[in-house]
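A.B. asks:
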Ligand SMILES: [Zn+2]
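Below is the structure:
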């Protein structure tokens with residue numbers, strides 16, 4: 527079978543009651559019946575829209591090319607390690623918690639869900655909830671859920687464009703309106719809804735309370751200069767870097783970034799947060815990437831570059 531080359535995935539738009547009718551400037555897509563809450567950049571149903579695999583679901587690509595995608599030794603990986611989405615909340619999302627790896631495994635799932643959010647944009651006053659006020663007990667949480675006052679026990683944090691926020695499994699969390707977030711997470715859909723501000727959606731209190739940790743590591747993470755970019759976050763499950771190329775430019779070679787910055791042998795997820803450019807590897811045709819799109823650089827591709835067509839901002843996620 528031919529070696530896998532970099533390819534692009536077409537975003538898949540998921541309606542949500544808390545979503546938006548207007549995803550500009552990231553997407554031209556206009557919702558018809560329901561607002562869009564999430565643009566899924568990866569996931570089993572994402573569809574390749576470039577190269578010889580065009581039209582195939584990502585799940586099929588993963589099943590047929592695990593070792594090329596993830597590197598040697600991953601022939602039996604249960605699923606692609608990361609999931610990336612763009613979130614467009616126009617209303618408060620419910621208060622949720624995700625299980626950690628050990629609780630997930632008790633439930634027969636391969637792993638839990640630790641995630642991070644990069645603020646692509648934020649309106650003044652935008653906030654997220656990250657964990658509980660110090661001193662909160664399990665019974666405080668249960669009583670506050672029963673009396674529809676859980677928001678008062680949460681630690682609300684202002685969000686500004688460019689913030690990176692870590693949300694480890696077990697953190698009680700919520701997202702407020704007015705932010706556009708790039709979410710990178712362990713590829714799991716285990717979510718327990720603890721509280722919905724008195725709205726009538728179903729809650730998952732028994733599992734949710736078991737998943738809740740009173741203290742976690744959640745919070746904003748300061749960027750660190752790393753090579754020609756910024757390391758935004760490095761956790762046990764993912765790292766995310768940001769690169770900014772000021773203008774149309776010569777090819778930026780990612781293989782030459784040898785300052786500990788070019789992890790070879792790992793899959794790289796490349797999201798264009800603004801601008802556009804073309805990814806080049808080996809003798810392949812250039813892979814065009816524009817704002818809102820995601821390209822997968824398989825682990826087997828050791829040498830690749832991106833040529834900005836205009837000022838370009840890239841977020842790169844790599845599983846750890
Ligand atoms: Zn979450």
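Numbering (our numbering), first residue to last: 527 to 846.
Even for Gly, the Cβ is constructed at its ideal location relative to N, Cα and C.
Assign residue 564 to one of three DSSP states: helix, strand, or coil.
C.D. replies: Here residue 564 sits in strand by DSSP.
A.B. asks: Any idea if residue 637 is buried or exposed, counting beta-carbon neighbours within 10 angstroms, 16 or more meaning buried?
C.D. replies: Looking at its Cβ environment, which holds 16 or more other Cβ atoms inside 10 Å, residue 637 is buried.
A.B. asks: Helix, strand or coil: which one does DSSP assign to residue 725?
C.D. replies: In this structure, DSSP gives residue 725 a state outside helix and strand, which the three-state scheme calls coil.
A.B. asks: Looking at ligand 1, does it come within less than 7 angstroms of residue 622, judged from the CB to the closest heavy atom?
C.D. replies: Relative to ligand 1, the nearest heavy atom lies less than 7 angstroms away from the CB of residue 622.
A.B. asks: Would you say the beta carbon of residue 699 comes nearer than 7 angstroms to a heavy atom of ligand 1?
C.D. replies: yes
A.B. asks: Helix, strand or coil: how does DSSP classify residue 806 here?
C.D. replies: It is a strand residue.
A.B. asks: Going by beta carbon distance, what residues of the same chain come within less than 6 angstroms of residue 833, once the five residues before and after it are set aside?
C.D. replies: 777, 803, 804
A.B. asks: Run the CB neighbour count on residue 755, radius 10 Å, all protein chains shown included, and call it buried at 16 or more, exposed below.
C.D. replies: Sixteen is the threshold: when 16 or more other Cβ atoms of the shown chains lie within 10 Å of the Cβ of residue 755, as they do, the residue is buried.
A.B. asks: Check whether the Cβ of residue 677 lies closer than 7 angstroms to any heavy atom of ligand 1, and answer yes or no.
C.D. replies: no
A.B. asks: Looking at the secondary structure, which residues open and close the beta strand (DSSP E) in which residue 681 lies?
C.D. replies: 680-684
A.B. asks: Looking at the secondary structure, which residues open and close the beta strand (DSSP E) in which residue 653 lies?
C.D. replies: 653-658
A.B. asks: With residue 685 and residue 655 assumed to form a contact (beta carbons below 8 angstroms), what rounded beta-carbon distance in angstroms separates them?
C.D. replies: No, residue 685 and residue 655 are not in contact; Cβ-Cβ is about 11 angstroms, not under 8 angstroms.
A.B. asks: Is there at least one non-hydrogen atom of ligand 1 closer than 7 angstroms to the beta-carbon of residue 556?
C.D. replies: no
A.B. asks: I need the straight-line Cα distance from residue 568 to residue 678, nearest angstrom please.
C.D. replies: 35 angstroms
A.B. asks: Of the residues 622, 571, 641, 634, which one's Cα is nearest the Cα of residue 671?
C.D. replies: 622
A.B. asks: What do you get for residue 689, buried or exposed, if any count of 16 or more other CB atoms within 10 angstroms of its CB means buried?
C.D. replies: With 16 or more other Cβ atoms from the protein chains shown falling within 10 Å of its own Cβ, residue 689 counts as buried.
A.B. asks: Please indicate yes or no: does the CB of residue 612 lie closer than 7 angstroms to some heavy atom of ligand 1?
C.D. replies: no
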